[in-house]
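Data first, discussion second: the structure below is written as structure tokens.
Residue numbers (the UniProt record's numbering): 1 to 379.
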């Protein structure tokens, strides 16, 4: 089996021997026979996860007739295609892979309904999802090429000026997101390309960058398939660059630390366990706590570009308001006093680039306005 799949399937996984001879086109199995074969194979697979790695697994129950019914129940050409694609040994084929193939080809399978909610099939879940979207490979002539111009700069060669380097990919072989393209470039074309990434689902904020003039997350930004122009990718603007697409966010995080982004209280909880708040007070935090500190908003703000040493910027001010609005916090006056100067808060001129740039759909401009209102009216 391919090493990349070794983490998904246990070494003790039982196997099914593929038929050496092609199945006759007129061969048929009853629905009951097919279901019985599926359930038997699923039971053997389920048992493999509850068996110590050193134990021998008895596969005698998987008779040749059972195997025949099972392989008659799925589309054999597609099975062979998947086996070839994932470089699976044939014979034998691990049952875990067979189950994944069957889940991809037969969504109504009774086996899937019986076992998909158990821990036994979990190791194959990711593999199943990917296979469910696999289609017939496009012909070599069916290519859809796209060029990506990517900012490059290496601190190890400081005498070389930053440049844009162009990479061309076939979109038929690339995932839909910009991050998919970057990962493929790094894995297959240029391993020196450097960028941050982690969760790939818009939660961690690591892959923030400027794509076609817009600050966003590479994992949430789709490749513009219809546009003929190249995709231009830069690091976040007006930040020091560590290397290539990696910005230095040291100052950004120091500013975040300065607002003391944690609950501050002078008295313990009434029951000594937790600090309670009403549902209404909890709802006041919606649109604030979801911030992932990706810095897309702050680095899109012209006021932050020119005054970043003193102006806190949209992201930090949104976080500041998150604690001002929290009914459980008891240091509201102290937090306001720290913002009472001409630079920390009042450099915001409601340009609202921050609101347009936020990949989570938050509104830092509104949060800043609420802080100004509290400062002015003492609410």
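Using N, Cα and C, we set each Cβ at its ideal position, and we do this for glycine too.
Legend entry - Reference residue 368; option with closest CA among 325, 217 and 329: 325
Inset, instruction - Enumerate in chain order the residues of its own chain whose CB-to-CB distance from residue 364 is below 6 angstroms, with the five nearest sequence positions on each side excluded. - result: 297, 314, 318 and 354
Inset, instruction - State the DSSP-derived secondary structure class of residue 161, mapped to helix, strand or coil. - result: coil
Legend entry - Among 339, 142, 193 and 174, nearest to residue 166 - alpha-carbon criterion: 193
Inset, instruction - Determine the direct distance from the alpha carbon of residue 149 to that of residue 231, and round the result to whole angstroms. - result: 6 angstroms
Inset, instruction - Verify whether the separation of the beta carbon atoms of residue 155 and residue 242 is less than 9 angstroms. - result: yes
Inset, instruction - Could you tell me the boundaries of the alpha helix (DSSP H) in which residue 256 lies? - result: 250 to 258
Legend entry - Contact the segment 257 to 264 vs the segment 173 to 181: 3+ CB pairs below 8 angstroms: no
Inset, instruction - Check residue 295 in the structure and name its three-state DSSP category. - result: coil
Inset, instruction - For the segment 212 to 238, list the beta strand (DSSP E) runs that are entirely contained and at least 3 residues long, ordered along the chain. - result: 214 to 217 and 231 to 234
Inset, instruction - Just the C-alpha distance for residue 362 and residue 267, rounded to the nearest angstrom, thanks. - result: 32 angstroms
Inset, instruction - Just mark residue 146 as buried or exposed, buried being the case when its beta carbon has 16 or more other beta carbons within 10 Å. - result: buried
Legend entry - Nonlocal neighbours in the same chain, by C-beta distance under 7 angstroms from residue 234, ignoring five residues either side: 151, 209 and 210
Inset, instruction - Kindly list the residues whose CB is nearer than 7 angstroms to the CB of residue 264, restricted to its own chain and excluding five residues on each side of it in sequence; keep chain order. - result: 329, 330 and 331
Legend entry - Length of the line joining the Cα atoms of residue 122 and residue 198: Note on residue 122: pLDDT 35, under 50, position unreliable in the model; no value is reported.
Inset, instruction - Report buried or exposed for residue 359, applying the criterion of at least 16 other Cβ atoms within 10 angstroms of its Cβ. - result: buried
Legend entry - Rounded C-alpha distance that separates residue 310 from residue 343: 6 angstroms
Legend entry - Host beta strand (DSSP E) of residue 151 (start-end): 145 to 152
Inset, instruction - Could you tell me which residues DSSP puts in a beta bridge with residue 167? - result: 148
Legend entry - Delimiting residues of the alpha helix (DSSP H) encompassing residue 336: 332 to 339
Legend entry - Option in 159, 246 and 340 with minimal Cα separation from residue 196: 246
Inset, instruction - Please work out which residues of its chain come closer than 7 angstroms, Cβ to Cβ, to residue 378, disregarding the five sequence neighbours upstream and downstream, and give them in chain order. - result: none
Legend entry - Residue range of the unbroken alpha helix (DSSP H) whose run includes residue 372: 364 to 377
Inset, instruction - State the start and end residues of the unbroken beta strand (DSSP E) segment that holds residue 279. - result: Per DSSP, residue 279 belongs to no beta strand (DSSP E); it is in the alpha helix (DSSP H), 279 to 283.
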